[in-house]
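Numbering-wise (UniProt numbering), the sequence shown opens with residue 1 and increments by one.
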Amino acid sequence: MHKKWNAKKIAAATVERLGTDLALHRLTAAVLAARGIETAKEAGPFLAPSLSDMLDPLLLRGMETAVGRLLAARRNRDTICIYGDYDVDGISGTALLVSFLRQTGFSCRYFIPNRFDDGYGLNREAIQGIIALGANLIVSVDCGITAVEEALFCREQGIDLIVVDHHLPKETLPDAVAVVNPMQPDCPYPFKSLAGVGVAFNLLVALRMALRDEGAFTGGNEPDLREWLDLVALGTIADVVPLTGQNRIFAFHGLKQLSATTKPGIQALKRVAGVTGGVSCGQVGFRLAPRLNAAGRMESAVPGVDLLLSIDQTESQGIAEDLDAANAERQATERRILDEAIEMVETSGAYPDCRSIILASQNWHQGVVGIVASRLVERYHRPTILISLDEEGSAKGSGRSITGFHLLDAVTACSPFLERFGGHRYAAGVGLRADAVTAFAAAFEAEAARLLTEDDLVAQLDVDAEAQPGDITPELARELKRLEPFGAGNPEPVLLMRGLRVMEHRVVGDGHLKLRLAGGGCHFNAIAFRLASRELPGMVDIAFFPEMNEWNGNSTLQLRVKDLRPTE
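Written as structure tokens, this is what we have:
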């Protein structure tokens, strides 16, 4: 799908000032300005995030009460159960809390719900099982903020609940001992975009201060919380929260910890994923996180937590290999469903006139439909929901959206056809009867048609700055790396270069283009992922990111092309 390129409007004086004050190339300065950074003072924390700039965790509403209850649990030898979610944010947050609490003298176990048997979040049967195992306190992480009935059930059963979450609350908060969530009303914590693991890390910072005040570390055994930042980076990056503010601090330092980690489980995960040297956001998102996620998508997420907590090299390697196999199975399942879904779209006759895509099948694995929905959004740029049907007449779906279309609001407007639903602007889940799918799809299409224009259905690509061929050097590529980590909220820079001649091109891998381009007396090697179907005229404009390609011990400049078009 061709995209509309949007050049960001940046004041030339700002770019010149940043370049001079920070001794940066004008393109690097332009990218900073495109991020809203206009002075050297503002650039300082961005270019060199410091842990000393972390906000006071006690600003989080409910934090003091949560810490007080945990201290009481330590004194009374209460058994704590960490109740996590089955995605990477929940898995890493669970491992973070369990690992720290066990190291500092707490009695702690954990529970991860099964996506297929238990569903999302707290549920009564799981709580009853946790009580039967002798727990006195449940701490939810990355879930629980909407568990109003389950919190009441905990009170009725005489077990305390602390909710540690980052999702949007409903109008009524759970009646828990403490709710720690920056999104809850009247919470003075100014940064609202933490991942669940980020909220959990703040809890540990506050708890360590309280333990220190109680004299728990008089023997010189105070834990260094930096050692847990690898787990924080995993969950923060995988959950695609904005890598700005506090999250940028976590990602920046957490990636360094991931690169040098001594945790046997993470070392084994890196080995099976083929990750060596410094770990990048891309490697977390495309290599490490999918393997942690795979078990939870196909069966149970418990092995992911077991791996992150493992202190045995042999055990870690075995779990990591199992997760790698589960990921391979997930990939194969995803490819099959994607092929089937594309065929359904192409043969339906509805595209391209439709404003949305809703597809359903009994042959689709419930744990993978959300990923495939994302692939269809990339391909067709329509809000998409894929639904898995079962033999009992139930249907469970997962959706993804596009910029400008609030998916949860649209799903809410169609709620008469649903039994349950939840989510946010860009992702949502639905549960309904199979015989209601057709009516739901029609209502959703009507809502999309009401809200989306033709322009909304064209994918947008934001361009940070325009480059000349002579600008693109290995030195610039290395300088741009100073703006890492890239991700949501701080996307990888996109540069524009016009009028390049296509000297050579060939298809490689799974639909990728390998190019040799020339312009302005310069020659460039380029790779364009998933663009092999594009027709190539003699002259092209490219939207790209320059990088150093490491291969067989050699480092060469390469342009990673994000989109291309004929030169006008």
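Quick reminder that beta carbons are idealized off the backbone N, C-alpha and C, glycines included.
Query - Endpoints, alpha helix (DSSP H) assigned at Cys154 - result: The residue labelled residue 154 in the question sits at position 154 within the sequence shown. Residues 148-157.
Requested in this report: Count the C-beta pairs between the segment 499-510 and the segment 473-490 that are closer than 8 Å, then say yes if the count reaches three, no if not.
Outcome: Counting C-beta pairs with one atom in each stretch, the segment 499-510 and the segment 473-490 have fewer than three that are closer than 8 Å, which means they do not touch.
Requested in this report: Compute the Euclidean distance between the alpha carbons of Ala294 and Arg330, then round it to the nearest angstrom.
Outcome: Here residue 294 corresponds to residue number 294 of the sequence shown, with the count starting at 1. Here residue 330 corresponds to residue number 330 of the sequence shown, with the count starting at 1. For Ala294 and Arg330, the distance between alpha carbons rounds to 6 Å.
Requested in this report: Could you please give the first and the last residue of the uninterrupted beta strand (DSSP E) stretch that includes Gly36?
Outcome: Against the sequence shown, residue 36 aligns to sequence position 36. Bounds of any beta strand (DSSP E) do not take in Gly36, whose DSSP letter is neither H nor E.
Query raised in the report: Curious, which full-length alpha helix (DSSP H) runs of at least 4 residues does the UniProt domain "DDH" (80-236) contain?
Result: 88-103, 124-132, 148-157, 196-213
**Report entry** As assigned by DSSP and simplified to three states, the class of Val423
**Finding:** Counting from 1 along the sequence shown, the entry for residue 423 is found at position 423. In the sequence under discussion, the amino acid at residue 423 is Gly, which differs from the Val named in the question. DSSP places Gly423 in strand when its eight states are reduced to three.
Query raised in the report: Starting from Phe444 and walking both ways along the beta strand (DSSP E), at which residues does that stretch end?
Result: Working through the sequence shown from its first residue, we reach residue 444 at position 444. No beta strand (DSSP E) holds Phe444; the alpha helix (DSSP H) holding it covers 437-451.
**Report entry** Beta-carbon proximity check, Leu51 vs Ile249, cutoff 8 Å
**Finding:** Mapped onto the sequence shown, residue 51 falls at position 51. Mapped onto the sequence shown, residue 249 falls at position 249. Yes; because the gap between Cβ atoms is below 8 Å, this pair is in contact.
Report task. Take Gln468 and list the residues in its own chain whose beta-carbon comes closer than 7 Å to its own, dropping the five residues that flank it on each side. Result -> Taking the first residue of the sequence shown as 1, we reach residue 468 at position 468. Cβ contact annotation for Gln468 (same chain, cutoff 7 Å, sequence separation greater than five): Gly520, in chain order.
**Report entry** Start-to-end residues for the alpha helix (DSSP H) that takes in residue 571
**Finding:** Shown here, the chain extends from 1 to 568; a query on residue 571 therefore has no answer.
Query raised in the report: Taking the continuous alpha helix (DSSP H) assigned at Asp306, which residues delimit it?
Result: On the sequence shown, position 306 is the one that residue 306 refers to. Segment 302-309, the alpha helix (DSSP H) holding Asp306.
**Report entry** Cα-Cα separation between Phe486 and Cys281, rounded to whole angstroms
**Finding:** To locate residue 486, count along the sequence shown from 1; it is residue 486. To locate residue 281, count along the sequence shown from 1; it is residue 281. Taking the straight line from one Cα to the other gives about 7 Å.
Query raised in the report: For Ala301, which residues from the same chain have a beta carbon less than 7 Å from its beta carbon, with the 5 sequence-adjacent residues on both sides left out?
Result: Working through the sequence shown from its first residue, we reach residue 301 at position 301. For Ala301, where only same-chain residues beyond five positions count, the Cβ hits under 7 Å are Tyr86, Ile91, Ile112, Ala295.
Query raised in the report: How many angstroms separate the CA atom of Pro174 from the CA atom of Gln366?
Result: By one-based count along the sequence shown, residue 174 stands at place 174. By one-based count along the sequence shown, residue 366 stands at place 366. Near 28 Å, if we compare the C-alpha coordinates of Gln366 and Pro174.
Report task. Measure the beta-carbon distance from Leu168 to His424 and round it to whole angstroms, keeping in mind my assumption that it falls under 8 Å. Result -> Here residue 168 corresponds to residue number 168 of the sequence shown, with the count starting at 1. Here residue 424 corresponds to residue number 424 of the sequence shown, with the count starting at 1. That belief holds up - the Cβ atoms of Leu168 and His424 are roughly 7 Å apart, short of 8 Å.
Query raised in the report: From the DSSP output, which residues share a beta bridge with Phe486?
Result: Looking up residue 486 in the sequence shown gives position 486. Paired residue(s): none; Phe486 is not in a bridge.
Query raised in the report: Helix, strand or coil for Arg417 per DSSP?
Result: On the sequence shown, position 417 is the one that residue 417 refers to. The displayed chain sequence assigns Phe, not Arg, to residue 417. DSSP places Phe417 in helix when its eight states are reduced to three.
Query - First through last residue of the alpha helix (DSSP H) which encompasses Asn327 - result: As a working mapping, residue 327 is identified with position 327 in the sequence shown. Taken as a continuous stretch (DSSP letters only), the alpha helix (DSSP H) holding Asn327 covers 313-348.
**Report entry** C-beta atoms of Thr567 and Arg498 nearer than 8 Å
**Finding:** In the sequence shown, residue 567 corresponds to position 567, counting from 1. In the sequence shown, residue 498 corresponds to position 498, counting from 1. Yes.
Query raised in the report: In the DSSP assignment, what are the bridge partners of Val563?
Result: As a first step, residue 563 is located in the sequence shown; it is residue number 563 there, counting from the start. Per the sequence shown, the amino acid found at residue 563 is Asp instead of Val. In the DSSP output, where bridge partners are listed per residue, Asp563 has Ala543.
Query - At least 3 beta-carbon pairs within less than 8 Å: the segment 214-224 vs the segment 261-268 - result: Remark: fewer than three beta-carbon pairs, one from each stretch, lie closer than 8 Å, so the segment 214-224 and the segment 261-268 are not flagged as touching.
Query raised in the report: Relative to the alpha-carbon of Pro352, which residue among Gly196, Asn363, Ala325, Pro383 has its alpha-carbon at the smallest distance?
Result: Looking up residue 352 in the sequence shown gives position 352. Nearest in C-alpha terms to Pro352, of all of Gly196, Asn363, Ala325, Pro383, is Pro383.
**Report entry** Under 8 Å between C-beta atoms of Val199 and Pro182
**Finding:** In the sequence shown, residue 199 corresponds to position 199, counting from 1. In the sequence shown, residue 182 corresponds to position 182, counting from 1. Yes.
Query raised in the report: Does the segment 127-143 come close enough to the segment 240-257 that 3 or more CB-CB pairs lie under 8 Å?
Result: In this structure the segment 240-257 does not lie against the segment 127-143, because fewer than three pairs of beta carbons, one per stretch, are closer than 8 Å.
Query - Same chain, Cβ closer than 6 Å to Val67, five either side skipped, listed in chain order - result: Walking along the sequence shown from the start, residue 67 turns up at place 67. Here the set comprises Ala206, Leu207, Ala210.
Requested in this report: Figure out for me which residue from Leu308, Gln460, Ala273 has the closest Cα to the Cα of Arg291.
Outcome: Taking the first residue of the sequence shown as 1, we reach residue 291 at position 291. Ranking Leu308, Gln460, Ala273 by Cα distance to Arg291 puts Ala273 first.
**Report entry** Minimum C-alpha distance to Leu55 - residue among Asn202, Ser310, Ile337
**Finding:** Residue mapping note: residue 55 aligns to position 55 of the sequence shown, counting from 1. Comparing Cα-Cα distances from Leu55 to each of Asn202, Ser310, Ile337, the minimum goes to Asn202.
Query - Simplified DSSP state of Val508, which is helix, strand or coil - result: Numbered from its first residue, the sequence shown carries residue 508 at position 508. Here Val508 sits in strand by DSSP.
Query raised in the report: Which residues in the same chain have their Cβ closer than 8 Å to the Cβ of Leu533, if we skip the five residues on either side of it in sequence?
Result: Residue mapping note: residue 533 aligns to position 533 of the sequence shown, counting from 1. The sequence given here places Ser at residue 533; Leu does not occur at that position. Answer for Ser533: Gly511, listed in chain order.
Query raised in the report: Are the Cβ atoms of Gly196 and Val279 separated by less than 8 Å?
Result: Taking the first residue of the sequence shown as position 1, residue 196 is located at position 196. Taking the first residue of the sequence shown as position 1, residue 279 is located at position 279. It is not a contact, given that the beta carbons lie outside the stated cut-off.
Requested in this report: Could you work out which residue in Glu125, Gly219, Ser316, Thr236 is closest to Thr262 when comparing CA atoms only?
Outcome: Against the sequence shown, residue 262 aligns to sequence position 262. Here the closest residue by C-alpha is Ser316.
**Report entry** Proximity to Arg560 [Cα-Cα], best of Phe529, Asn554, Cys414, Glu535
**Finding:** As a position in the sequence shown, residue 560 is number 560, starting the count at 1. When only C-alpha atoms are compared, the closest one is Phe529.
Query raised in the report: On the premise that Glu447 lies in contact with Ala413, defined as a C-beta separation below 8 Å, what is that separation, rounded to the nearest angstrom?
Result: The residue labelled residue 413 in the question sits at position 413 within the sequence shown. The residue labelled residue 447 in the question sits at position 447 within the sequence shown. Contact flag correct, Cβ pair sits at about 5 Å.
Query raised in the report: According to DSSP, what are the bridge partners of Asn76?
Result: Translated into positions along the sequence shown, residue 76 becomes position 76. Paired residue(s): none; Asn76 is not in a bridge.
Report task. Report the option in Leu386, Arg287, Asp21, Leu536 whose CA atom is closest to the CA atom of Leu359. Result -> Looking up residue 359 in the sequence shown gives position 359. Looking at the Cα atoms, Leu386 is the closest of the given residues.
Query raised in the report: Would you say the segment 455-466 touches the segment 430-445, given that touching needs at least three Cβ pairs under 8 Å?
Result: No: fewer than three Cβ pairs fall under 8 Å.
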